[in-house]
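S.K.: Quick one: structure below, then a few questions.
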Amino acid sequence: MPERYPPPGKYRVRNYMGKDRVMVVKCGGCHRIVRYLVEDIAAVKGEDWDITCPPYPCSTCGTRDAMGVFLKEATKADVGVMDIRRPWKVVTIQKWKTVKLGDKV
Ligand SMILES: [Zn+2]
Numbered sequence: 169m170p171e172r173y174p175p176p177g178k179y180r181v182r183n184y185m186g187k188d189r190v191m192v193v194k195c196g197g198c199h200r201i202v203r204y205l206v207e208d209i210a211a212v213k214g215e216d217w218d219i220t221c222p223p224y225p226c227s228t229c230g231t232r233d234a235m236g237v238f239l240k241e242a243t244k245a246d247v248g249v250m251d252i253r254r255p256w257k258v259v260t261i262q263k264w265k266t267v268k269l270g271d272k273v
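The opening position of the sequence shown corresponds to residue 169 in the numbering used here, with each subsequent residue numbered one higher.
Here it is in structure tokens:
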């Protein structure tokens, strides 16, 4: 049986966590670039998240297939200049469904 490449678990977020590590995601469809702190991805997606996978589909064109991911070490020159997506607030949505009068919801 051929070995799977990359080996499972090699590119887990936990192996790349660092104070100034930035995950750069570039969409091949619309060329949008989004940057995340690796520690934020670990907090939201979990430390087992595969760092080679984009955490979300492109919010501009909706694709997930043509996205490239690479890591960057932030420098002092990036402070106050680089745009970073950070977890902000959690929104809850009230869902509705139609039931028969008297049915338990
Ligand atoms: Zn896109």
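Quick reminder that beta carbons are idealized off the backbone N, C-alpha and C, glycines included.
Just so you know, these numbers come straight off a predicted model, no measurement behind them.
1) Could you tell me if the beta carbon of ARG203 falls within a distance shorter than 7 angstroms of some heavy atom in ligand 1?
2) Below 8 angstroms on the Cβ atoms is my guess for CYS229 versus CYS195; work out the distance and round it to an integer in Å.
3) Enumerate in chain order the residues of its own chain whose CB-to-CB distance from ARG200 is below 7 angstroms, with the five nearest sequence positions on each side excluded.
4) Regarding GLY197 and ligand 1, is the C-beta to nearest heavy atom distance less than 7 angstroms?
5) Can you tell which of ARG189, ASP271, GLY197 has its C-alpha closest to the C-alpha of ASP233?
6) With which residues is VAL181 paired in a DSSP beta bridge?
7) In three-state DSSP terms, what is ASP218?
M.R.: Inspection of the coordinates gives the following:
1) What you label residue 203 is simply residue 35 of the sequence shown in a count that begins at 1. Result no, Cβ not under 7 angstroms from ligand 1.
2) In the sequence shown, counting from the first residue as 1, residue 229 sits at position 61. In the sequence shown, counting from the first residue as 1, residue 195 sits at position 27. Between CYS195 and CYS229 the Cβ distance is about 6 angstroms, and since that is below 8 angstroms, they are a contact.
3) What you label residue 200 is simply residue 32 of the sequence shown in a count that begins at 1. So the list reads CYS226, THR228, once near-sequence residues are dropped.
4) As a first step, residue 197 is located in the sequence shown; it is residue number 29 there, counting from the start. True, at least one ligand heavy atom lies under 7 angstroms from that Cβ.
5) Here the question's residue 233 lines up with position 65 in the sequence shown. The residue with the shortest Cα to Cα distance from ASP233 is GLY197.
6) Here the question's residue 181 lines up with position 13 in the sequence shown. Residue pairing for VAL181: DSSP places it in no beta bridge.
7) For the purposes of this step, residue 218 is taken as the residue at position 50 of the sequence shown. The answer is strand: DSSP assigns ASP218 an E or B state.
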